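Here the structure is laid out as C-alpha cells; the discussion comes afterwards.
2 protein chains.
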Amino acid sequence: MEFENIQSFDLTTCIGSKVMRISRITAKIFRKYLRPFNITGSQLTVLFILAKREGLTQKRLCEIAQLEKSSLNRNLKRLFEKRYLSRKEFPIINITDEGKSLVNTIIPEWEKAMKEIRQILGEDGEDALDMTLTKLMTKKA
Amino acid sequence: MEFENIQSFDLTTCIGSKVMRISRITAKIFRKYLRPFNITGSQLTVLFILAKREGLTQKRLCEIAQLEKSSLNRNLKRLFEKRYLSRKEFPIINITDEGKSLVNTIIPEWEKAMKEIRQILGEDGEDALDMTLTKLMTKKA
DNA sequence: TCAAAAAAGTTGTATATACAACTTTTTGTT
DNA sequence: AACAAAAAGTTGTATATACAACTTTTTTGA
Numbered sequence: 003m004e005f006e007n008i009q010s011f012d013l014t015t016c017i018g019s020k021v022m023r024i025s026r027i028t029a030k031i032f033r034k035y036l037r038p039f040n041i042t043g044s045q046l047t048v049l050f051i052l053a054k055r056e057g058l059t060q061k062r063l064c065e066i067a068q069l070e071k072s073s074l075n076r077n078l079k080r081l082f083e084k085r086y087l088s089r090k091e092f093p094i095i096n097i098t099d100e101g102k103s104l105v106n107t108i109i110p111e112w113e114k115a116m117k118e119i120r121q122i123l124g125e126d127g128e129d130a131l132d133m134t135l136t137k138l139m140t141k142k143a
Numbered sequence: 003m004e005f006e007n008i009q010s011f012d013l014t015t016c017i018g019s020k021v022m023r024i025s026r027i028t029a030k031i032f033r034k035y036l037r038p039f040n041i042t043g044s045q046l047t048v049l050f051i052l053a054k055r056e057g058l059t060q061k062r063l064c065e066i067a068q069l070e071k072s073s074l075n076r077n078l079k080r081l082f083e084k085r086y087l088s089r090k091e092f093p094i095i096n097i098t099d100e101g102k103s104l105v106n107t108i109i110p111e112w113e114k115a116m117k118e119i120r121q122i123l124g125e126d127g128e129d130a131l132d133m134t135l136t137k138l139m140t141k142k143a
C-alpha cells in the first residue's frame, strides 16, 4: 500500500494538537494553586463572572463564558451544590455570600498562578495569546 | 462585607480562561471536518504519531503526545476497539492497515481544517501560537 | 535465579465538554 | 386568556482529561 499522504505529512504542524497542549499545560498550573480550595478553573471562571456582574441567566452566562449551554448547565449544577451560587428567582442566577467570600480568598492564589505563567510566557507571549484569541473570536463569533 | 480583591479584579485578564477558549474554538473547527470519520482530534493525534513512528509503548506515546498515562490509556482503548491500533506483542503498540488507511484518507480533511484555522490566525497568529507553546514546553518540560 | 524495588500499565472516580433530544418556560398573536 | 411557536433550560450519551490507587511487568541486586 502506498499511503501517499502519510509520507508527506508532518504532525508537528498540527494546530489542534498544539492548542490542546497549551491548554493542558496552563490548566495544570492553575490546578496546582486552586486544589486547596477544591474548585476547578472552569468553575472559578463562572464564579468570577458572577462576582462582578450579579443576576445573570444561563443564556447570558453562555454568551459571556462562550460555553455550550449543556456544558455550562453542568458546571452550574456543581456550584449550586457547593452553595456558591443560588437561583432563588428562576432563571436568574446569583453568587452567594459564600461564593463571593471564596472568590475573594482565591484571587491572591489565582494571581500567583498568573504570575507563574507570565514568567514563562513573558509579555510578548501573553500578547501573542491575546492576539490568537482575538482573531479566533472575531472570525468565529 | 468588603471583598476588596473582587473590586480590583479584572476577569478578562485570566490566561487560563483565554487558553480554554482558544482550545474550544479550534477543537470545534477540527470536529467539523472529522465528524464524518467518527473520530476525535485527540484520537487522531495518537494515530498520526503511530502512522509515522510504528512500534511504541504507552510510555513513549505519553512523552510524545504529552498526555498523562491514564488519559492516553483510555484513548488507546477506543482505538483498539475500532481496530485502528493493535498490540500483538505487549507492550508494543502498532497502527493497523485499517488505521493507516484511515489516516491517509483523513489527512486531506485535516488539511482543510488547518487551512480554515490558518485563514483566521494568519501567519503571525500561527507564529504566536508556536511561540506560546515553545515557551510553555521549555519551562515546564 | 529469584525476591524486592521500580516502572509501566490499568482502573476508580471526578470534572469538563459537546451534540442531540427532550422538557419547561417565555413570548407573540389572535 | 389561550394556544402555538420560539427560546431557554435540562438530560442522555459519549469522549477527554487528571489524580490517586492498584496491578502487572520489568529491572536490579544479592
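Protein chains in written order, with my numbering: chain Z, 3 to 143; chain U, 3 to 143. Glycine included, C-beta positions come from ideal geometry on N, C-alpha and C. Bear in mind the structure is a predicted one, so any value in this text is a computation, not a measurement.
With respect to the 8 Å criterion, L104 of chain Z and F5 of chain Z are not classified as neighbours on the basis of their beta carbons.
Annotation: Cβ neighbours of S25 of chain Z in chain U (cutoff 8 Å, chain order): V21, M22, I24 and S25. Spanning the alpha carbons of T107 of chain Z and D99 of chain Z requires a straight line of approximately 12 Å. Going by DSSP, I94 of chain U is part of the beta strand (DSSP E) stretching over I94 to I97. As for any alpha helix (DSSP H) of minimum length 4 sitting wholly inside the stretch 53-133 of chain U, the runs are 60-67 and 71-83, ordered along the chain. For F39 of chain U, none of the residues of chain Z pass the 7 Å Cβ criterion, the least Cβ distance being about 14 Å.
Excluding its 5 nearest sequence neighbours in each direction, R80 of chain U has C-beta neighbours in its own chain below 7 Å: Q45, listed in chain order. Ranked by Cα distance from E118 of chain Z, the options Z:E91, Z:R23, Z:L52 and Z:Y35 are led by Z:Y35. Against K117 of chain Z, chain U offers no close residue; the least beta-carbon distance is about 10 Å (beta-carbon pairs closer than 8 Å). Residue-level contact check: P110 of chain U touches chain Z, since one or more beta carbons of chain Z fall below 8 Å from its beta carbon. Here I17 of chain Z carries a helix assignment [DSSP, helix/strand/coil]. In this structure T59 of chain Z touches P93 of chain Z by the C-beta definition: roughly 5 Å separates them, less than 8 Å. Here I31 of chain U carries a helix assignment [DSSP, helix/strand/coil]. Under the three-state reduction of DSSP, T140 of chain U is assigned to helix.
Nearest CB-CB separation between T47 of chain U and chain Z: below the 8 Å threshold. Beta-carbon to beta-carbon, V21 of chain U and T28 of chain Z are separated by about 5 Å, close enough to satisfy the 8 Å threshold. When secondary structure is reduced to three states using DSSP, I51 of chain U falls in the helix class. Distance check between L135 of chain Z and each of U:T140, U:D129, U:L123 and U:K137 places U:L123 closest, using alpha-carbon atoms only. Of the other Cβ atoms in all chains shown, 16 or more fall within 10 Å of the Cβ of K102 of chain U; this residue is therefore buried.
Residues of the stretch 9-20 of chain U with a Cβ closer than 8 Å to any Cβ of chain Z, in chain order: F11, L13, T15, C16, I17, G18, S19 and K20. The Cβ-Cβ distance between G127 of chain Z and M133 of chain U falls below 8 Å.
Here DSSP, grouped into helix, strand and coil, assigns N7 of chain U to helix.
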